[in-house]
Amino acid sequence: MWQGGILKMINFIQNIINEDKKTDKYEDRVHTRFPPEPNGYLHIGHAKSICLNFGIAIANGGLCNLRFDDTNPSKEDTEYVDSIKKDVKWLGFDWDDRLFYASDYFEKMYDYAVQLIKKGKAYVCELTPQEIREHRGTLTQPGRESPFRNRSIEENLELFEQMRVGTFPDGSRVLRAKIDMASPNINMRDPVLYRIIKAAHHRTGDKWCIYPMYDFAHPISDSIEGITHSICTLEFEDHRPLYDWLLNCLEIFHPQQIEFARLNITNTLMSKRLLRQLVEEGHVQGWNDPRMPTISGLRRRGYTPEAIRDFCERIGVAKSNSVVDISLLEHCIREDLNAKAPRVMAVLRPIKVIIDNYPEDKVEWLEAENNSQLPEMGTRQLPFSREIYIEDEDFMEEPTKKYFRLSPGNEVRLKHAYIIKCERVIKDESTGKILEIHCTYDPNTRSGDDTSGKKVKGTIHWLSVQHAMPAEVRLYDYLLLDDQDEEKEGENEERDEADSFIANLNPKSLVKLTNSVVEPSLADGEKGSGYQFLRQGYFCVDIQDTSGEKIVFNRVVSLRDTWAKIEKANKS
RNA sequence: UGGGGCGUCGCCAAGCGGUAAGGCACUGGACUCUGACUCCAGUAUUCGAAGGUUCGAAUCCUUCCGCCCUAGCCA
840 MWQGGILKMI NFIQNIINED KKTDKYEDRV HTRFPPEPNG YLHIGHAKSI CLNFGIAIAN
900 GGLCNLRFDD TNPSKEDTEY VDSIKKDVKW LGFDWDDRLF YASDYFEKMY DYAVQLIKKG
960 KAYVCELTPQ EIREHRGTLT QPGRESPFRN RSIEENLELF EQMRVGTFPD GSRVLRAKID
1020 MASPNINMRD PVLYRIIKAA HHRTGDKWCI YPMYDFAHPI SDSIEGITHS ICTLEFEDHR
1080 PLYDWLLNCL EIFHPQQIEF ARLNITNTLM SKRLLRQLVE EGHVQGWNDP RMPTISGLRR
1140 RGYTPEAIRD FCERIGVAKS NSVVDISLLE HCIREDLNAK APRVMAVLRP IKVIIDNYPE
1200 DKVEWLEAEN NSQLPEMGTR QLPFSREIYI EDEDFMEEPT KKYFRLSPGN EVRLKHAYII
1260 KCERVIKDES TGKILEIHCT YDPNTRSGDD TSGKKVKGTI HWLSVQHAMP AEVRLYDYLL
1320 LDDQDEEKEG ENEERDEADS FIANLNPKSL VKLTNSVVEP SLADGEKGSG YQFLRQGYFC
1380 VDIQDTSGEK IVFNRVVSLR DTWAKIEKAN KS
């Protein structure tokens, strides 16, 4: 398994662990867990948590469990547990035999609840949800005690038993902790521990009709598993007193909860709810649409586990809310693919070039290196002939300054082949559209044995027309337009959020090119494998839509494009 | 308005009383049969603000300001 640069990982959580080791708090043991709820697909925010939890364990010679937090049968499904397992594995982490479910502990949790009742620390409450809310008070006003708060232990025991056997309808009773209705921390105002949900659970079926709340299930699950450091996100900070209270009352092994800031990335949605909305409203093709920040989406897009792990390492772990620039993610995948992707030629938007002085029927097979930086990646043969395609961007009839690609009278090098010179352009008389470009080549300039001594500024990629293989190429861009920080006026916040995020969707997040051509060597490109299309970017063979008759490439990320910056600067 | 948390370069982020790491982005330049990669160089006298303690403060104290979370029988 991956050991990465993780051993160097320094963050405030590691500092806490170092301190715990010094004081022998957990007998030098480090045991973490990744606790997803199986109610959706994992996204890159979860990857941060996965890398953190497994990474901390690895770095400290400890263990990390995979535990499904499945305490709400109405939202959860095995479809999600399967995808989550797959994603965690794909990211490169291994839970060995430590795959657990909170539902494994339902019986024990029930016993602990009974213990709480026996200690006079919990009671069955018959207030309606509405009434409970009213009794809770507000941020500034203390709550009021439930009229059911001081029932006898015997009565509570009996009622709780009745809840379990299904005597009462959904929502009619709950088990509540008896803490303090006047606590400034609302989580301590007699929080609900158990509720009645008569729904089939994906693992326990209809064995139960009462289910523990997160606040009850989580500390107990952690304790049962001997977790030492229970790492969660910032919004649970206010729940920590309750976490501690329960463990203290129950007098069982006491892990420590540590909170860190969740991941946010520019131009990217990171909420399960909104991602689900994208899927359900058809703005994307599914959870694994290559534009989605889900692990499955990134995988299909062509991101590698190495790049995602590297990213998670680089962003760091802290407690301040932050938004990481997506350019860092892009840098990580470029860096990884640069080191391993074979280079290949593809013409995305072809325009035909005819080399007038090249024999009509001749085909030359030129040797091309697969990666100029890694000779060990070998070479391949490339067919060259009289008619070729070049990228339409690589020709400009009236070149701007600093443009050193093909233009009338100008010479460029064809990568791995000859230097050609543009002689004339043939256009459609009515539309003015360029139909073909006529060039001549210099036979003394063949790559590898150039005897001309010529130096040209530009090198462009090309493909022999008769050998080019058609392909569909999908260019992806950010799902969201630039983050607009326009402040919404107070009212209707919910609505505004949903609406504004739909309005902020990038209409050009997917551009399908159906006239692209690629090298014949790509005919047997394996699904999912990544390439660098020379001068353009990194692409991978789409795992879903590629078939016997059609090969589809996804653009993972473009190459850095200095020329685009120059052009942009020229215009402004 | 109660409680909790956070505020170090455009974006992340080290730093924990001894005089501001690193990464991304950006800007120059070198190299280049990918305007890619790589390589050099540059970029916070300043750490939300104001006071105070100290020989010395981003680090300690005080006050203030800003942002986030929190009133689910969701997690």
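The numbering of the first sequence is the numbering used here, which starts it at 840 and goes up by one.
Virtual Cβ for every residue (Gly too), placed ideally from N, Cα, C.
When every heavy atom of the ligand COA is checked, does at least one fall within less than 8 Å of the C-beta of arginine 983? This structure lacks the ligand COA, and indeed carries no ligand of any kind.
In whole angstroms, what is the alpha-carbon distance linking serine 1246 and leucine 1302? Position 407 of the first sequence, counting from 1, holds the residue named residue 1246. Position 463 of the first sequence, counting from 1, holds the residue named residue 1302. Answer to the nearest angstrom: the Cα atoms are 18 Å apart.
Of the listed residues Ala1185, Asn911 and Phe1243, nearest to isoleucine 1049 (C-alpha basis): Indexing the first sequence from 1 puts residue 1049 at position 210. Per the Cα distances, Asn911.
Indicate the three-state DSSP secondary structure (helix, strand or coil) for valine 1162 in the structure shown. Taking the first sequence and counting its residues from 1, the one referred to as residue 1162 is at position 323. Reduced to three states, the DSSP call for valine 1162 is coil.
Should the segment 967-982 be called in touch with the segment 933-952, which here means at least 3 C-beta pairs below 8 Å? no
Answer with buried or exposed for serine 1135, where buried requires no fewer than 16 other C-beta atoms within 10 angstroms of its C-beta. Against the first sequence, residue 1135 aligns to sequence position 296. The residue is buried, with at least 16 neighbouring Cβ atoms inside 10 Å.
Taking serine 1069 as part of the beta strand (DSSP E), name the residues at either end of that continuous run. Here the question's residue 1069 lines up with position 230 in the first sequence. 1068-1072 is the extent of the beta strand (DSSP E) around serine 1069.
Within 9 Å, strictly: CB atoms of isoleucine 883 and leucine 1318: Position 44 of the first sequence, counting from 1, holds the residue named residue 883. Position 479 of the first sequence, counting from 1, holds the residue named residue 1318. No; because the gap between Cβ atoms is not below 9 Å, this pair is not in contact.
Do the segment 1364-1373 and the segment 1145-1154 meet, that is, are 3 or more Cβ pairs less than 8 Å apart? no
Element boundaries [beta strand (DSSP E), containing aspartate 1281]: Against the first sequence, residue 1281 aligns to sequence position 442. Note, aspartate 1281: beta strand (DSSP E), 1273-1281.
Among the residues of its own chain, which have a CB less than 7 Å from the CB of cysteine 1261, if the five just before and after it don't count? If you number the first sequence from 1, residue 1261 lands on position 422. Counting only Cβ-Cβ distances below 7 Å, and skipping sequence neighbours, we find Leu1245, Ser1246, Pro1247, Gly1248, Asn1249, Ile1276 and Cys1278.
Nearest to phenylalanine 1055 by alpha carbon, out of Gly1141, Arg972, Asn1106 and Lys960? By one-based count along the first sequence, residue 1055 stands at place 216. Among Gly1141, Arg972, Asn1106 and Lys960, the Cα nearest to that of phenylalanine 1055 belongs to Lys960.
Where the beta strand (DSSP E) containing glutamine 1371 begins and where it ends: For the purposes of this step, residue 1371 is taken as residue 532 along the first sequence, with counting starting at 1. First-last of the beta strand (DSSP E) with glutamine 1371: 1369-1372.
Identify which residue in Arg988, Phe893, Val1312 and Lys1296 has its Cα closest to the Cα of lysine 1351. Locating residue 1351 in the first sequence gives position 512, where the first residue counts as 1. The residue with the shortest Cα to Cα distance from lysine 1351 is Val1312.
Would you say threonine 1385 and lysine 1366 are within 9 Å of each other, going by their C-beta atoms? Mapped onto the first sequence, residue 1385 falls at position 546. Mapped onto the first sequence, residue 1366 falls at position 527. Cβ distance < 9 Å, so threonine 1385 and lysine 1366 count as in contact.
Under 9 Å, do lysine 947 and leucine 996 count as touching if we go by C-beta distance? As a first step, residue 947 is located in the first sequence; it is residue number 108 there, counting from the start. As a first step, residue 996 is located in the first sequence; it is residue number 157 there, counting from the start. For lysine 947 and leucine 996, no; Cβs fall outside 9 Å.
Under 9 Å, do arginine 868 and leucine 905 count as touching if we go by C-beta distance? Looking up residue 868 in the first sequence gives position 29. Looking up residue 905 in the first sequence gives position 66. No. Outside cutoff.
I need the straight-line Cα distance from glutamate 1145 to glutamate 1215, nearest angstrom please. Residue numbering aside, residue 1145 sits at position 306 when the first sequence is read from its first letter. Residue numbering aside, residue 1215 sits at position 376 when the first sequence is read from its first letter. Using only the alpha carbons, I get a separation of about 21 Å.
Using 9 Å as the threshold, is the C-beta distance between tyrosine 1280 and asparagine 1393 below it? As a first step, residue 1280 must be located in the first sequence, where it is residue number 441. As a first step, residue 1393 must be located in the first sequence, where it is residue number 554. Not closer than 9 Å, so no.
How would you write the range of the beta strand (DSSP E) that cysteine 1379 sits in, first residue to last? Here the question's residue 1379 lines up with position 540 in the first sequence. Here the beta strand (DSSP E) through cysteine 1379 covers 1376-1380.
Isoleucine 1413 to arginine 1042 span [Cα, whole Å]: It is not possible to answer for residue 1413, since the shown part of the chain is limited to 840 through 1411.
Alpha-carbon spacing of valine 1264 relative to threonine 1239, whole angstroms: Numbered from 1 along the first sequence, position 425 holds the residue referred to as residue 1264. Numbered from 1 along the first sequence, position 400 holds the residue referred to as residue 1239. Whole-angstrom Cα-Cα distance: 18 Å.
Beta-carbon separation (whole angstroms), glutamate 1230 vs leucine 1187, contact threshold 8 Å: If you number the first sequence from 1, residue 1230 lands on position 391. If you number the first sequence from 1, residue 1187 lands on position 348. 6 Å between Cβ atoms; contact.
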